[in-house]
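Residue numbers (the working numbering), protein chains in the order written: chain A, 77 to 490; chain B, 145 to 452.
Every residue, glycine too, gets a C-beta built ideally from N, C-alpha and C.
Since the model is a prediction, treat every value here as computed from it, not as a measurement.
See the structure below:
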């Protein structure tokens, strides 16, 4: 029995030595590299949140393909806020405690973010937010005893309007045939429209402004004929409607049917219906935006992003949150690279120093104080115009992609 | 059913005719846009009235089914390039099938359970919205046909003409429903089932089948209505919700099962909205007037019942 066991042991030893000779030398396994975790919270049911997350994934994939940051890969964990403040706040808590993310990114609705701010403040980790434009959010952040950890890349609402005032002043100076003495603002009756009208009135101080509210198609409205008739009676140089995406078609169709074609016809929805640019009524409609697909013709970063996004996801970026999500990750990565560490103090210092001459949204990016917080990124939005189905950039002139069409063509000429 | 055009409705109808005559001279565009918008309300509310009148179900997912019909038409238009008006034809049988499936899987089980009906149809509304969200995303979709913005000028008034289609469609649906309910065997059976399901069963009417056919037919009508809606409106998953509320409100105002009343009150509310909006700065009151009128009518009815 003992002899048998001995023989088996010898045979096993021989076999193992033979295997060892035939195999490569065993290498000492390096401990797995701990990834740098980015926790994003977006409304994934909406195209803005979904494409923002896609932009982030694209940036993470590119960075990891190039070797990661500080020798570590980036790991992106995206959670859905469902446009709900409670869900959004819970998502931050989960990212902090369960996923133990190093940095918070993402964001969209101001109402959701207001509920997230106390949770973010409790954890105090570096946060680079790309949504939540409301000045109420800015006030809530500024009210914290310490908000050095907070970076906000999206322009605040008042900065957007200040930017457009600056832009229109530049346009009127460059194209004297364009006048802005009388403006009629049709605004949806909710907080979005009312705030837009109030800010417009405050900032366009030397323009005669009249306004009237309407019920957006989002809330079962969509009959704009009365407001448009009143605007027509006012005979404005510029007609501005502050509403939502579903209002766009009704606004144009109903303006046409009552024969209202002011010299400047401007819409400021957060996005546009699919295919809006393809309908003849869209020609020469002005709009505001953080980004335009046409920037790929003037900005190398925007062009790179555009084609990489299409290649990776098989669809075109349809909202500026797509490139903004991409910039979000690139900005954080540049900060970590510059800091050489994830420690809060040096990282904040480094993020403050990050400078991009060009970004996927077509603008340079630097960090500077806003009215109330220390770390604000983008501060302006562009003035664009629908031309031939494309959103051409009219202002800022340094990234302009077309000259403006003025005046608004007559309906019968379309 | 014609007998249901109660004396009160006649009085209201006469009052509306007088108001319309005044508006025609004073504010003609109010008359036109009120008639057009009110007809859209009537068009959407009529099937709600029928379903309630016969099945006793208040369908809170009604607007969402219209949204589904509109998306079906949209998909046909974008995939095949056909005109939305032609897409109305296949939208009818497609929504009929949706109606049969919905009835057999869900509605059938709650026909005599009012609270469960509310919960079920509310759940259906949420489910349809989320389903549309997954398929078509939240981005609004539009189609463009030049006739959507057609207009005419009479004297100093320029107005849109396409929405008169809603007026014609409301009339066709109303008359069609009357003819179906009063001149066809299936319609008469449906009326009998609506009045006394047990008695109808005793005389050999297949009550279950009648319920299914009426529910499915009413959903089928929403297919073409959705296609018509698509011509002038952007569609998105949440587009139907506010119309569910309006349709149910109009049916409540007219008195449940009172189809001519739906016509009168639907157009009346459209005119009231347009009238309020025609005064600059008062547009925000349109919804308050709409739902305020409903509250007043419901209170008045309640008062009348107590007096009787």
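Asked	Found
List, in order along the chain, the chain B residues whose C-beta lies closer than 7 angstroms to that of residue 289 of chain A?	427 and 428
Residue 545 of chain A and residue 332 of chain A: beta carbons closer than 8 angstroms?	Residue 545 of chain A is absent from the model: chain A starts at 77 and stops at 490.
Which chain A residues are close to residue 380 of chain B, counting only those with a beta carbon under 7 angstroms from its beta carbon?	322
Determine the direct distance from the alpha carbon of residue 157 of chain A to that of residue 120 of chain A, and round the result to whole angstroms.	7 angstroms
To the nearest angstrom, how far is the alpha carbon of residue 231 of chain A from that of residue 273 of chain B?	32 angstroms
Using DSSP bridges, identify the partner residues of residue 156 of chain A.	A/118
Which residues of chain B have a Cβ atom closer than 8 angstroms to the Cβ of residue 349 of chain A, listed in chain order?	283, 284, 285, 286 and 378
Would you say residue 359 of chain A lies against chain B (beta-carbon separation less than 8 angstroms)?	no
Compute the Euclidean distance between the alpha carbons of residue 228 of chain A and residue 259 of chain A, then round it to the nearest angstrom.	32 angstroms
Given this structure, state the Cα-to-Cα distance separating residue 220 of chain A from residue 204 of chain A, to the nearest angstrom.	16 angstroms
For the region 329-345 of chain A, enumerate the residues whose C-beta is nearer than 8 angstroms to any C-beta of chain B, in chain order.	329, 330, 332, 333, 334 and 335
Under a CB-based cut-off of 8 angstroms, is residue 28 of chain A close to chain B?	The first residue shown for chain A is 77 and the last is 490, placing residue 28 of chain A beyond what the model contains.
With DSSP as the reference, label residue 179 of chain A as helix, strand or coil.	strand
Check the Cβ-Cβ distances between residue 484 of chain A and every residue of chain B, and say whether any is below 8 angstroms.	no
Would you call residue 98 of chain A buried or exposed, if buried means 16 or more other Cβ atoms sit within 10 Å of its Cβ?	Unreliable positioning characterises residue 98 of chain A in this predicted model, as indicated by a pLDDT of 45, which lies under 50. A coordinate reading is not provided.
Candidates B/414, B/171, B/207 and B/402: which alpha carbon is nearest residue 381 of chain B's?	B/207
State yes or no: is the beta carbon of residue 191 of chain B nearer than 8 angstroms to at least one beta carbon in chain A?	no
Would you report the Cα separation of residue 421 of chain A and residue 235 of chain A, rounded to the nearest angstrom?	28 angstroms
Could you check whether the Cβ of residue 416 of chain B sits closer than 8 angstroms to any Cβ belonging to chain A?	no
Is it true that the region 372-379 of chain B meets the region 303-312 of chain B, where meeting means three or more beta-carbon pairs spaced less than 8 angstroms apart?	yes
Taking all protein chains shown into account, do 16 or more other C-beta atoms lie within 10 angstroms of the C-beta of residue 410 of chain B, making it buried, or fewer, making it exposed?	buried
Against residue 387 of chain B, what residues of chain A qualify as contacts under a CB-to-CB distance less than 7 angstroms, listed in chain order?	296
What are the residues that DSSP puts in a beta bridge with residue 205 of chain A?	A/182 and A/228
Are residue 63 of chain A and residue 159 of chain A touching if we call contact CB-CB under 8 angstroms?	Past the edges of chain A, shown from 77 to 490, lies residue 63 of chain A, and the structure says nothing about it.
Go through its chain and collect everything with a Cβ distance to residue 263 of chain A's Cβ below 8 angstroms, but skip five positions before and after it.	269, 270, 272, 273, 287, 288, 289, 290, 317, 318 and 319
Using 10 angstroms around the beta-carbon of residue 473 of chain A, count the other beta-carbons present and answer buried if the total reaches 16, otherwise exposed.	exposed
So, with DSSP's three-state summary, where would you put residue 204 of chain B?	coil
If you draw a straight line from the alpha carbon of residue 298 of chain B to that of residue 182 of chain B, how long is it in whole angstroms?	22 angstroms
Return no unless some Cβ of chain A is closer than 8 angstroms to the Cβ of residue 227 of chain B.	no
Run down chain B in chain order and give the residues with a C-beta less than 8 angstroms from the C-beta of residue 326 of chain A.	376, 377 and 378
Can you check which of these residues, A/396, A/206 and A/191, is closest to residue 116 of chain A by C-alpha distance?	A/206
To which residues of the same chain is residue 365 of chain B closer than 7 angstroms at the C-beta, ignoring the five residues directly before and after it?	191 and 317
Which partner residues does residue 452 of chain A have in the DSSP bridge list?	A/228 and A/444
Assuming residue 388 of chain B is part of the beta strand (DSSP E), what are its boundary residues?	That residue, residue 388 of chain B, is in no beta strand (DSSP E); its alpha helix (DSSP H) goes 385-398.
Select from the region 247-278 of chain B all residues with a C-beta closer than 7 angstroms to any C-beta belonging to chain A, and list them in chain order.	277
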